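One line per chain: the protein sequences are A and B, in this order. So in this note's numbering, the last one in the first sequence is 268, and the numbering has no gaps at all. So in this note's numbering, the last one in the second sequence is 675, and the numbering has no gaps at all.
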Amino acid sequence: MITLDMLDAVTLRKAAAVLESRAINPRRLFLRATCRALRNIAEEVETGRAPVKR
Amino acid sequence: MDATKPGSRRKILGIVAFLAVLAALLAGSVLFWTELKADGAPVLKAPAPRLIAGHRGATRGVDENTIPAFSYALPYADVLEMDVRLTSDKKMVIMHDATLDRTTNCAGRVSSRTLAYIKACRTPRGSHPPSLRQFLAWADAQTKTAALQLELKGAWTQDQVQRFVNEVASYDLEAAASSFSTANLAKVERANDSLPDETAGRHLDTVLIEGGDPTMPPFLICDSYAGYANSISYLKKTYVDALQQVCNPPTYAAVYGSIDSDPDYQTAYDTTADMWIVEDAKDARRWLNSR
């Protein structure tokens, strides 16, 4: 199983961008909030602030 | 139940399909939701982040459903959850209970008091119940943004729901309407179709809330709603798996129910629900970050 802590910041940001483009799931509830959360995790990975198993 | 009727046959087929899907899920499949693509080719699927929602803003150390409660939760929450009721003059106020007695120094039913009367009531820590309009203006003015989940409490007419949807859609906020009432949510869907041109596209997604064993198979949920919320006592991983795998696109799953301790957070995590509606967003964020 892949968890978020296995992904690097670039991949996390890419996931956010793909989601935001609505190419994957245009009906995703709270899409913007989800993308913000992914980018926050990417920032935490980059800065080493937090483990990111979410 | 008469199995010769088309509706009954559909229900039976639905139940059989649901059981088959559950069996497949139990066989050990794993959830993924985002397919990342490089040059058009699928390369990886990743799990979703867990979103934290502040239940009534927050309910620990602050007065629920007040601006201070939402201010407290906002730095830590991805979503703010709140309740909307109609006053006697058919205005919209943020209030959970049907009466004013528990959360303010006033008494009586919300539906029998005017908005002006309710706004003058004081909560234990000296705040006032905000109107929906006040809340939206406050949310719109914040630099840190959160999505909103607004629960429609009580019975609403189509005109009243239309006013609600129009008011929320007048702001560029990410918002969803939730309710235990399928009738209320159907009215939200109709209201979405009648949004004024200048707010077209800002429709409110709908989230069905239940507080017991799920009453319908997941594929019927995703046919009608963008999200589904149930108590942490009743929403099991198998059902969440079905919502996320049977539904295409996956339907969003949320848990609620006095989620306010480390064991609760672990239980919520284990359900694989997309969102936890928690009593103290700061505490839930601490737990999530310390995993």
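The beta-carbon is built from N, C-alpha and C at its ideal position, and this holds for glycine as well. Treat the numbers as computed from the prediction; the structure is a model and nothing was measured.
A straight-line Cα-Cα distance of about 7 Å links D485 (chain B) and G492 (chain B).
When Cβ-Cβ separations below 7 Å define contact, Y636 (chain B) makes contact with chain A. Judged by their CB atoms, E558 (chain B) and R246 (chain A) are nearer to each other than the 7 Å cut-off. Within the DSSP secondary-structure output, Y636 (chain B) pairs in a beta bridge with B:G611. The C-alpha of A457 (chain B) is placed about 7 Å away from the C-alpha of K666 (chain B). Interface criterion not met: the Cβ of A223 (chain A) is under 7 Å from no Cβ in chain B. Considering only B:I502, B:R444, B:S455, the residue with the shortest C-alpha distance to K474 (chain B) is B:I502. Within a 10 Å sphere around the beta-carbon of S578 (chain B) sit fewer than 16 other beta-carbons, which makes this residue exposed. In the three-state reduction of the DSSP assignment, W540 (chain B) falls in the coil class, being assigned neither a helical nor a strand state.
R506 (chain B) and T487 (chain B) have their alpha carbons spaced roughly 8 Å apart.
With respect to the C-alpha of V232 (chain A), the residue from A:E257, A:N254, A:T248 having the closest C-alpha is A:T248. DSSP places D625 (chain B) inside the alpha helix (DSSP H), whose first and last residues are 621 to 629. Taken in chain order, the unbroken stretches of alpha helix (DSSP H) that lie wholly in the segment 498 to 547 of chain B and span 4 residues or more are 499 to 504, 516 to 525. By the neighbour-count definition (other C-beta atoms within 10 Å, threshold 16), N489 (chain B) is an exposed residue. Residue environment analysis places E465 (chain B) among the buried positions, since at least 16 neighbouring C-beta atoms fall within 10 angstroms of its C-beta.
Taking C-alpha positions only, A553 (chain B) is separated from T651 (chain B) by approximately 35 Å. Restricted to the segment 448 to 505 of chain B, the alpha helix (DSSP H) segments that are unbroken, complete and at least 4 residues in length are 451 to 457, 499 to 504, listed in chain order. When the beta-carbon positions are compared, A613 (chain B) and V624 (chain B) stay at least 7 Å from each other.
Distances from the alpha-carbon of K537 (chain B) to those of B:S563, B:Q526, B:E663 put B:S563 closest. K571 (chain B) counts as buried, since no fewer than 16 other beta carbons sit within 10 angstroms of its beta carbon.
Taking 7 Å as the cut-off, the beta carbon of I478 (chain B) is found closer than this to the beta carbon of P514 (chain B). In this structure, L532 (chain B) keeps its C-beta atom at 7 Å or more from the C-beta atom of Y555 (chain B). With respect to A567 (chain B), D589 (chain B) sits apart: the two C-beta atoms are not nearer than 7 Å. Contact annotation for A560 (chain B) against chain A: L243, F244 [CB-CB distance below 9 Å, chain order]. Contact annotation for V463 (chain B) against chain A: F244, A247 [CB-CB distance below 7 Å, chain order].
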